[in-house]
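Residue numbers (mature numbering (1 follows the signal peptide of the UniProt record, and there is no 0)): -22 to -1, 1 to 974.
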């Protein structure tokens, strides 16, 4: 027995040693711990996946416990953890695992941790069998592209503690009855999953262990409140973090929220429909650390009870309608919260007043107050040194000078842009050695920028001083201690020569030195652009010289960057250099570039948005490769020497909004493919040699046109009535062509010209969103322009183009009358029908066009009197009625008499100021008229006498005896009476004309 006992103990000890030293997941002893059937299950699972990047390449070894994402129990060898989530975000969708989840995973019955998140199961529902892992404690399927309904079998996962399903936007929750069956569930994330019409709150409140809940973006309505399930064991509720952002919850939410739990540390109700004042009841939630009520319509101010929240660290009330003075608002946070608050977001509200002393918030690190109504000025001094790292006061109306910034030595980001600050930039900014981002752009600051402002800012990454009146006074050998990512100095005086210190900046992504006063040749080193460049603007200087080929500068980043490059309004010359083919915007306008524009075919890419080559010396034909610019919105080639036909590939520009080809030598017809450009707003092809009839499809297909200019071409035929379908047109210029026929009577269909509205001064094309830094770039706001004749002079209008409302049909061969319907265009500012063959009278209703400022009807064949209603046009400042056949007296009004006589010249029968007065005729003329009147009177009396004698005596008996004779008699009597009446009226009219 003793020997048997010793043998048993040896065997047991050996087994124990084997289990202890032979079960490491790495398998260093060479003993295979992986259970074969579980290994085979994983192999089958992998076979159902598409793994283009060999993420699971380690799944080839025999020992599955050493595979990537697999962990085994060191004692039993069973797989306990399967975590093959894809690190996110990935730019290439092929880097995700794809495919299906096979039932082979059911072999892993000891699994307690399953993470398949951030993969692409794009044709899959969540398998029901996932509810068959009894030991599962952690399940993460977020952003895995599942669809359909969440399986009810999840209720079988009775050991589950964390369930993360958020980001599967095609999932639906139709029932949450399985949720209360998970007694240990602590963390539930259903973000972005549609929760249909169920009483979700009732099911949530029955979950006994829930601590963290995320139902953001679930399209939740206000729940059906049943106080019975909220009032039981309220004090025992464990829920501490609640995220209900981006739903449809109203202010009734506050009522049940305050009863749901008293242990909240985080509440997120942002992006809902909360309205009215912020309730006082938040003071009863003494554990609160984070409150987010942003993007609602809350009004009023902040309850004073918020000052009692001793643990409050972050408060976000951005994008509401709070209208309390800022000093009063911050006073409501005085007390316990004053010591704990670290982040305060109040942007985009209606807060007013001056900027108070914020240094009393001893823990405050971030303060966001942009886009409010703050006014007044900074305090001259502050109570203590502040710990604040981010201060954003941009987009307010704060006045006065900038304070001594030495109080804010911890600052990393300072945004004071778009205010009304005056004075100089204090040299104390140079003491902010931790500063990374400085924006003071768009103020009224002035003075010199010296080395003392910048020499200590070794951490600076962004510097924006633009749109002030700064002058740089830096030594020629000064070397900056920083390497900037963003440098914006637009409208700062940089001096005539290129600043040498720019040579040290090698990694910027945004460079703007436009309107800098630089008038030198660009040095070679300047073109060694950063390969990370996203925005490059040197416009509106006088930079000269040639640009070298820039393509090699961008090869490294060509796949990811889409730069915006603006070289406009300089003196650059030579051939257009080679550019990278990943550009988004290219503006070379107003320079002296020569040569062909065939280079466009080499840089074409589907994401190009803007090409502006206008006002250069470019020549050749427009290349037929425009179909490669799939998203091009702006194409401006105006004022060059281009020739040939407009290629049909222009019709492939489905997103084109502005097409400007004016003042070139294009010939032929407008291509019919242009009808495909259905969102075109500006079509300006004036000043070419285009011919043929104006296509009727312009009116039926290009219905969004705001500006249509076909001026100075060789278009012939009639004006197509279809043009009347251009309801949004504001400028219609068909002048100086060979158009025939009458003016269409349907011009009153121009809805925009019927309205007396106040539009935006310019026509802006918004072509993108702000980047992460909030800059508005050339590509994001392109200002359209057009050449128009306005008040007798031709000019290119851009900043005020949106204010103009013009119809110009001048210098054609139009005939017929001016249609009366044109008088209904009460919003029209300028009407030019001069140099045609129009006849008839000036329309009587012209006085209805009360906004008319310019009217030119000269050099036609108009007749009759000037309508008296013309005197009602009080804004009329340009009038030309010369060289017609108008007659009579010019109507009396201060307006009409103020014009130069040349406005009425060439109308021989027109009189009255400012022309010669209408004179009384001489006596000889009066005598002649008297003789004419005597002849008329004698004949009149002879006819009356004869009529009486023969009519009365000779016809009387016939009339009495025969009916037909009676009828003829009375008809004769009627004719005589009418003749007498007409003769009398004509005589009176002549006398009236004679005597004026």
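Positions of the beta carbon are idealized from the N, C-alpha and C atoms, including for glycine.
Would you decide whether residue i is buried or exposed? Buried here means 16 or more other CB atoms lie within 10 Å of its CB.
i: residue 98; result: buried
i: residue 659; result: buried
i: residue 50; result: buried
i: residue 196; result: buried
i: residue 853; result: exposed
i: residue 563; result: buried
i: residue 375; result: exposed
i: residue 120; result: buried
i: residue 246; result: buried
i: residue 273; result: buried
i: residue 919; result: Residue confidence is low: residue 919 scores 46 on pLDDT, short of 50, so the model does not pin down where it sits. Its coordinate-derived value is still stated next. Exposed is the call here.
i: residue 911; result: Low per-residue confidence applies at residue 911: pLDDT is 42, beneath 50, and the placement is therefore not dependable, though the value from the model is reported in the following sentence. It is exposed - the Cβ of residue 911 has fewer than 16 other Cβ atoms within 10 Å.
i: residue 217; result: buried
i: residue 503; result: exposed
i: residue 431; result: buried
i: residue 687; result: buried
i: residue 54; result: exposed
What does DSSP give as the partner residues of residue i in its beta bridges?
i: residue 768; result: 771
i: residue 60; result: 48, 92
i: residue 246; result: 221, 270
i: residue 707; result: None, per the DSSP bridge assignment.
i: residue 351; result: 330
i: residue 523; result: 550
i: residue 794; result: 816
i: residue 458; result: The partner list for residue 458 (beta bridge, DSSP) is empty, contrary to what the question assumes.
i: residue 255; result: 277
i: residue 985; result: In the structure as shown, the chain begins at -22 and stops at 974. Residue 985 is therefore absent and cannot be evaluated.
i: residue 284; result: DSSP output for residue 284 lists no bridge partner at all.
i: residue 447; result: 424
i: residue 543; result: 514, 564
i: residue 198; result: According to DSSP, which records beta bridges pairwise, residue 198 is partnered with nothing at all.
Considering just the uninterrupted stretch of the beta strand (DSSP E) at residue i, what are its terminal residues?
i: residue 579; result: Where residue 579 is concerned, there is no enclosing beta strand (DSSP E), although the alpha helix (DSSP H) it sits in stretches over 578 to 581.
i: residue 692; result: 692 to 696
i: residue 437; result: Careful: residue 437 lies outside any beta strand (DSSP E) and carries neither H nor E.
i: residue 475; result: First-last for residue 475: undefined, no H or E at that position.
i: residue 488; result: 488 to 490
i: residue 292; result: 292 to 294
i: residue 679; result: Run containing residue 679: none in the beta strand (DSSP E); it sits in the alpha helix (DSSP H), 675 to 679.
i: residue 40; result: Careful: residue 40 lies outside any beta strand (DSSP E) and carries neither H nor E.
i: residue 321; result: 321 to 323
i: residue 518; result: Where residue 518 is concerned, there is no enclosing beta strand (DSSP E), given that its DSSP letter is neither H nor E.
i: residue 378; result: First-last for residue 378: undefined, no H or E at that position.
i: residue 570; result: 570 to 573
i: residue 588; result: 588 to 590
i: residue 597; result: 595 to 599
i: residue 623; result: 619 to 623
Determine the contact status of residue i and residue j, defining contact as a CB-CB distance below 8 Å.
i: residue 868; j: residue 845; result: no
i: residue 669; j: residue 693; result: yes
i: residue 467; j: residue 443; result: yes
i: residue 575; j: residue 558; result: no
i: residue 382; j: residue 398; result: no
i: residue 450; j: residue 423; result: no
i: residue 719; j: residue 793; result: yes
i: residue 445; j: residue 462; result: no
i: residue 262; j: residue 242; result: no
i: residue 515; j: residue 496; result: no
Which residues bound the alpha helix (DSSP H) around residue i?
i: residue 21; result: 14 to 25
i: residue 431; result: 429 to 432
i: residue 277; result: Careful: residue 277 lies outside any alpha helix (DSSP H), inside the beta strand (DSSP E) at 275 to 278.
i: residue 729; result: 729 to 732
i: residue 231; result: 231 to 238
i: residue 317; result: 315 to 318
Go through the stretch 812 to 888 residue by residue and report every complete run of the alpha helix (DSSP H) that reaches 4 residues or more, in order. 872 to 875
Whole runs of the alpha helix (DSSP H) within the stretch 141 to 195, excluding any shorter than 4 residues: For the alpha helix (DSSP H) assignment, the uninterrupted runs of no fewer than 4 residues enclosed by the stretch 141 to 195 are, from N- to C-terminal side, 178 to 183.
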